[in-house]
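Here the sequence shown is numbered in the working numbering, starting from 905 and rising by one per residue.
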Amino acid sequence: MHELIMYDGICRRLDCWRVEVAKRDPKWTSLEEFAASKPTFDDIEAMARTLARNYIAGHQLRRMRRIPAAQRDAQHENGLLLNRYMLLYEELSYAMNTGDIGRVETCLFTWIPMFKATGKHKYANTMTDFLCKVHFKGKFRGVDWCVELNNLFTKVVNGGKSSKHTVSRIIMESPLIQIYRNLHTMFQNDFLHAHQTMKHAEANMSKILTR
905 MHELIMYDGI
915 CRRLDCWRVE
925 VAKRDPKWTS
935 LEEFAASKPT
945 FDDIEAMART
955 LARNYIAGHQ
965 LRRMRRIPAA
975 QRDAQHENGL
985 LLNRYMLLYE
995 ELSYAMNTGD
1005 IGRVETCLFT
1015 WIPMFKATGK
1025 HKYANTMTDF
1035 LCKVHFKGKF
1045 RGVDWCVELN
1055 NLFTKVVNGG
1065 KSSKHTVSRI
1075 IMESPLIQIY
1085 RNLHTMFQND
1095 FLHAHQTMKH
1105 AEANMSKILT
1115 R
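If you want it as structure tokens, here you go:
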């Protein structure tokens, strides 16, 4: 489902580019023809600003909804909203994958009302509780995340399995946790295996997207 949402968002934005390109010059009937014209970076940036202003739901959506129902284009309004939601999803996914906790917190302020509006109160309450604990109740700080990460490696990763997962084993291994982590990092870097076990290559979707 995650990949489906990401690829769907990419296809929708490419189609927006195609429509905008055709508006600027009718002879550009496809993005390939537009690319062949070798546009400058300033041209692409100007078009990107136009796309962000006209093809994503913003303050203009309120004006659209004030129009009499007989004159409104509900399909266009829903398309603008869908583009905005997909970009919000991509921003949250990117922030989580890169460890940008500040951006994650900023994204949550948008997702909490949406979850409440769709009846997903459990998700909304969990996000709200997280933000309250971080900034108001518990006052989590950077060192707390480091302690939790160390606990993960001490109790879970290197704490033994099954019958060997005992308090005495954890205590015995705890002074060596950082050494284990350094060795793993060194092996991964020396054999060029860094990130290969957790980040797979992206699928080539060019043929599917061009159908």
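We put the beta carbon where it would ideally sit given N, CA and C, even for glycine.
What residue from the options has the CA that sits closest to residue i's CA?
i, options, result
"F1034", "K1024, I1016, A1021", "I1016"
"R922", "F945, P972, F938, T944", "F938"
"E981", "M968, A974, Q975", "M968"
"L985", "S997, R966, R970", "R966"
"L996", "Y1084, E1106, F1095, I909", "I909"
"T1032", "E1009, L1053, R976", "E1009"
"E907", "M990, G983, T1014, I1005", "M990"
"D929", "S941, I971, L918", "S941"
In angstroms with no decimal places, state the Cα-to-Cα distance between residue i and residue j.
i, j, result
"Q979", "L955", "17 Å"
"K1065", "L992", "40 Å"
"H1039", "P943", "46 Å"
"K1068", "V1061", "13 Å"
"F1057", "E994", "30 Å"
"S1072", "F1095", "34 Å"
"H1088", "I1075", "21 Å"
"I1005", "F1019", "20 Å"
"N1029", "W1049", "22 Å"
"T933", "N1093", "47 Å"
"A973", "G983", "17 Å"
So the alpha helix (DSSP H) residue i belongs to, where does it begin and stop?
i, result
"N958", "945-958"
"Q997", "Rather than Gln, the amino acid found at residue 997 in this sequence is Ser. Counting along the chain, the alpha helix (DSSP H) containing S997 begins and ends at 978-1002."
"T1014", "1005-1021"
"A939", "935-940"
"N1029", "1025-1039"
"S1067", "First-last for S1067: undefined, no H or E at that position."
"D1094", "1081-1094"
"K1111", "1110-1113"
"A926", "906-928"
Taking buried to mean at least 16 other C-beta atoms within 10 Å of its own C-beta, is residue i buried or exposed?
i, result
"N1086", "exposed"
"V1051", "exposed"
"N987", "buried"
"C1036", "exposed"
"M897", "The question about residue 897 has no answer here: the residues shown for the chain are numbered 905 through 1115."
"I1083", "exposed"
"I1112", "exposed"
"I971", "exposed"
Are there any heavy atoms of the ligand GTP lying less than 7 Å away from the beta-carbon of residue i, as far as the coordinates show?
i, result
"I1081", "Annotation note on the ligand GTP: not contained in the displayed structure, which lists no ligands."
| query | Do three or more CB pairs link the segment 961-969 to the segment 942-950 at distances below 8 Å? | reply | no
| query | How do the segment 996-1004 and the segment 1018-1030 stand: do at least 3 beta-carbon pairs fall below 8 Å, yes or no? | reply | Contact fails: fewer than three Cβ-Cβ distances are below 8 Å.
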